[in-house]
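Student: I have a structure here, written as structure tokens, and I will follow up with some questions on it.
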Amino acid sequence: MASNTRPLAIVTGASSGIGYELAKCCADHGFDLLIAADEPAITEAAQDFRALGAAVETVEADLATLDGVDKLYAATHGRPVEALLANAGHGLGHGFLDQDFHDVRHVMDTNITGTLYLIQKVGRDMRTRGQGRILITGSVAGFMPGTFQAVYNGTKAFLNSFSWALRNEIQDTGVTVTCLMPGATETEFFERADMLDTKVGQAEKDDPADVAKAGFDAMMEGEGDVVTGWRNKLQTAMANVTPASMLAEQHRKKAEPGSGEK
Ligand SMILES: NC(=O)c1ccc[n+]([C@@H]2O[C@H](COP(=O)([O-])OP(=O)(O)OC[C@H]3O[C@@H](n4cnc5c(N)ncnc54)[C@H](OP(=O)(O)O)[C@@H]3O)[C@@H](O)[C@H]2O)c1
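Now the structure itself:
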């Protein structure tokens, strides 16, 4: 990577959606970028970020695997990472008993295992240097049992919780941890999760650029978490005082296959 005067940010899942917009925020604010995704589209995204003045290196890897994360980490070539935006993730619609376990495992391995492995590697370096910012993309989905998206919601509940715990563990190290908790956002997420025939898949959604900006700003401020938009803030506040059985039933109404078809 060319310029060493600019700080370096790693953004995972930067080929589309929220991660693409997060990488744009980083480039706009003077970061160089190391970006990763699982498909060649990541190299096209890189061109957009270079146009904003950032030196950009891309890594194509399956971040559900430890090898994929090792490949990404190796691409830093020892250059200090000022910001880690651990955003890559995906969902999986339909009933749990009807899902292919390989797909189930890929959700868990991407959203949890690969994310944590990367955070541990980069976080250790940050702690040694006494500075750094970590942004984890959790979700408001982590506040409710995800009927017909059960495993995904579970992974996001894990990340929401993990983020606060890690933040507290390392509070005196100069490294901050922030959790971005978006609500339904207009990205490729619902198509990839095979949820286009659901109510939530067809509903109007938040703009990924707005969501990313809120997350980036919260990370730069060192805040603990950010829920974007008043509707999502209300939803999470209500979720904290609503019985889990009711939340599960509400989720069924918006995520059941066919629920979007009139
Ligand atoms: N959209 C929503 O409503 C919503 C709401 C709350 C939270 N989120 C979270 O926001 C994050 C970004 O999702 P998005 O909505 O922006 O969806 P998206 O447009 O589908 O983007 C997902 C990104 O993650 C990458 N990715 C997924 N699995 C990967 C893997 N195993 N290895 C490497 N890269 C992988 C994808 O790259 P490839 O295309 O190369 O696989 C893509 O760049 C996810 O963590 C998601 O859970 C989304």
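So the sequence shown is numbered by my numbering: it starts at 2 and just counts up by one.
Glycine included, every Cβ here is placed at the ideal spot set by N, Cα and C.
Between residue 93 and residue 60, which are expected to be in contact by the criterion C-beta below 8 Å, what is the C-beta distance as a whole number of angstroms?
Tutor: Residue 93 to residue 60, Cβ: 24 Å. No contact.
Student: Determine the extent of the beta strand (DSSP E) in which residue 264 is found, giving its start and end residues.
Tutor: Missing from the structure shown is residue 264; the chain here goes from 2 to 263 and no further.
Student: Is residue 146 near ligand 1 - that is, is its Cβ less than 7 Å away from at least one heavy atom of it?
Tutor: No - ligand 1 has no heavy atom lying nearer than 7 Å to the Cβ of residue 146.
Student: If you drop the 5 nearest sequence neighbours on each side, which residues of the same chain put their C-beta closer than 8 Å to that of residue 126?
Tutor: Counting only Cβ-Cβ distances below 8 Å, and skipping sequence neighbours, we find 81, 82, 133.
Student: Tell me whether the beta-carbon of residue 13 lies closer than 8 Å to the beta-carbon of residue 88.
Tutor: Their beta carbons are under 8 Å apart, which means residue 13 touches residue 88 by this criterion.
Student: Beta-carbon separation of residue 278 and residue 115 under 8 Å?
Tutor: The displayed coordinates of the chain run from 2 to 263. Any statement about residue 278 would go beyond what the structure contains.
Student: Assign residue 229 to buried or exposed, taking buried as 16 or more other Cβ atoms, counted over all protein chains shown, within 10 Å of its Cβ.
Tutor: The residue in question, residue 229, is buried, as its Cβ has 16 or more Cβ neighbours within 10 Å.
Student: In the DSSP assignment, find the unbroken beta strand (DSSP E) run with residue 133 in it and report its ends.
Tutor: Element bounds for residue 133: 133-138.
Student: Give the secondary structure of residue 166 by DSSP, where H, G and I count as helix, E and B as strand, and everything else as coil.
Tutor: The answer is helix: DSSP assigns residue 166 an H, G or I state.
Student: Give me the Cβ distance between residue 28 and residue 53, rounded to the nearest whole Å; I'm assuming they're in contact under 8 Å.
Tutor: Between residue 53 and residue 28 the Cβ distance is about 4 Å, and since that is below 8 Å, they are a contact.
Student: Rounded to the nearest angstrom, what separates residue 106 and residue 15 at their Cα positions?
Tutor: Going by the C-alpha atoms only, they are around 22 Å apart.
Student: Which value, in whole angstroms, describes the spacing of the CA atoms of residue 51 and residue 17?
Tutor: So the alpha carbons of these two residues sit roughly 16 Å apart.
Student: Check whether the Cβ of residue 63 lies closer than 7 Å to any heavy atom of ligand 1, and answer yes or no.
Tutor: Yes, ligand 1 has a heavy atom inside 7 Å of this Cβ.
Student: Pull the bridge partners of residue 186 from the DSSP assignment, please.
Tutor: Residue 186 pairs with 207.
Student: Assess contact between the stretch 243-256 and the stretch 148-161, defined as three or more Cβ pairs (one per stretch) separated by less than 8 Å. Is contact present?
Tutor: With a cut-off of 8 Å, the stretch 148-161 and the stretch 243-256 count as touching, because enough Cβ pairs lie within range.
Student: Starting from residue 13, follow the alpha helix (DSSP H) in both directions and report where the run begins and ends.
Tutor: It is not in any alpha helix (DSSP H) - residue 13 instead sits in the beta strand (DSSP E) that spans 9-13.
Student: Examine ligand 1 and report whether any of its heavy atoms sits within less than 7 Å of the Cβ of residue 8.
Tutor: False, no ligand heavy atom lies under 7 Å from that Cβ.
Student: Is there contact here, the stretch 215-232 with the stretch 165-180, by at least three beta-carbon pairs under 8 Å?
Tutor: Counting Cβ pairs under 8 Å, three or more are found: they touch.
Student: Please tell me whether, using a cut-off of 7 Å, the distance from the CB of residue 40 to the nearest non-hydrogen atom of ligand 1 is below it.
Tutor: Checking every heavy atom of ligand 1 against the Cβ of residue 40, one is found closer than 7 Å.
Student: Relative to the C-alpha of residue 139, which candidate in 157, 124, 152, 130 has its C-alpha closest?
Tutor: Comparing Cα positions, the closest option is 157.
Student: Examine ligand 1 and report whether any of its heavy atoms sits within less than 7 Å of the Cβ of residue 164.
Tutor: Because no heavy atom of ligand 1 lies under 7 Å away, the Cβ of residue 164 does not count as near it: no.
Student: Please go through the same chain and pick out, in chain order, the residues whose beta-carbon is closer than 7 Å to the beta-carbon of residue 3, but skip the five residues on each side of it.
Tutor: Summary for residue 3: the model assigns pLDDT 48, below 50, so the residue's position carries little reliability; its value from the coordinates is reported in the next sentence. Contacts found: 56.
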